[in-house]
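What follows is one structure encoded as structure tokens, with my remarks underneath.
Residue numbers (our numbering): 2 to 199.
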């Protein structure tokens, strides 16, 4: 099942979290991330706006953009949710049917953008250069997912700039084996929009 549910194994309670937050903090703006292109992600739990960095993360950002441009993410699932850790999607359709992907991409985690609350990163298997379509949204700061001397890390390429409360709600749904939600959570569509101006 590792190949079907890429990301990482939750080895400790500290790493993956076990206590729920009464009032989650809004995500901080990550200054290292450029908002080169923005997307409205509509889900059955509500909408989120994502900003994607094509400047600092050219391979990873463009990979996500290509999947969006072809409509790949429409009608895929958030198929893995772990409270106080992350929510993962973009690889399966309803009924947990695997969706064929493009070729894997190189891992750009060494760029050094941190897996902070609200950031969007690529899921992968144990092979650092195995990411394809699946991504995850960090629910908490997860520095143990960053590139280090001991780990290739997980490449952050974007952030949730509005609708983080939707990600929080997805993270606390009831799950079954492989942290799969009992009731399916669909990504209805992902469409490019104009990035908000500050």
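Every residue, glycine too, gets a C-beta built ideally from N, C-alpha and C.
With DSSP run on the structure shown, which of helix, strand or coil describes residue i?
i	result
residue 178	helix
residue 22	Low confidence applies here, because residue 22 scores a pLDDT of 43, under 50, leaving its location unreliable and the question unanswered by this model.
residue 167	helix
residue 16	The predicted model places residue 16 with a pLDDT of 39, which falls under 50 and marks its position as unreliable; any figure quoted below should be read in that light. Helix at residue 16.
residue 1	Because the chain here runs from 2 to 199, residue 1 falls outside it and cannot be looked at.
residue 146	helix
residue 39	strand
residue 138	strand
residue 117	coil
residue 187	strand
residue 154	coil
residue 33	coil
residue 196	coil
residue 122	strand
Assuming residue i and residue j form a contact by the criterion Cβ under 8 Å, report the distance between their Cβ atoms to the nearest whole angstrom.
i	j	result
residue 99	residue 88	Not quite, the Cβ-Cβ distance comes to about 18 Å (not below 8 Å), so this is no contact.
residue 76	residue 50	Incorrect: roughly 20 Å between the Cβ atoms, too far for contact.
residue 116	residue 172	About 15 Å separates the two Cβ atoms, so there is no contact after all.
residue 91	residue 158	Not confirmed; about 13 Å, so no contact.
residue 34	residue 160	5 Å
residue 43	residue 195	That pair is no contact at about 16 Å.
For residue i and residue j, what's the separation of their Cα atoms in angstroms?
i	j	result
residue 114	residue 96	34 Å
residue 112	residue 184	36 Å
residue 22	residue 163	Annotation note: pLDDT 43 at residue 22 (below 50); position unreliable, no value reported.
residue 121	residue 177	24 Å
residue 27	residue 168	11 Å
residue 65	residue 134	7 Å
residue 86	residue 141	6 Å
residue 47	residue 165	10 Å
residue 139	residue 53	15 Å
residue 130	residue 57	18 Å
residue 110	residue 45	30 Å
residue 128	residue 106	11 Å
residue 72	residue 103	13 Å
residue 149	residue 41	32 Å
residue 125	residue 136	8 Å
residue 192	residue 30	22 Å
residue 155	residue 59	15 Å
residue 36	residue 119	14 Å
residue 153	residue 147	8 Å
residue 188	residue 197	22 Å
residue 186	residue 179	15 Å
residue 69	residue 101	14 Å
residue 144	residue 108	17 Å
Between residue i and chain C, is any beta-carbon pair separated by less than 7 Å?
i	result
residue 121	Within the model displayed, chain C is absent; a lone protein chain is all it includes.
**Report entry** Sequence ranges, beta strand (DSSP E) only - wholly within the segment 44 to 114, length at least 3
**Finding:** Within the segment 44 to 114, the complete beta strand (DSSP E) runs of at least 3 residues fall at 47 to 53, 77 to 83, 87 to 94.
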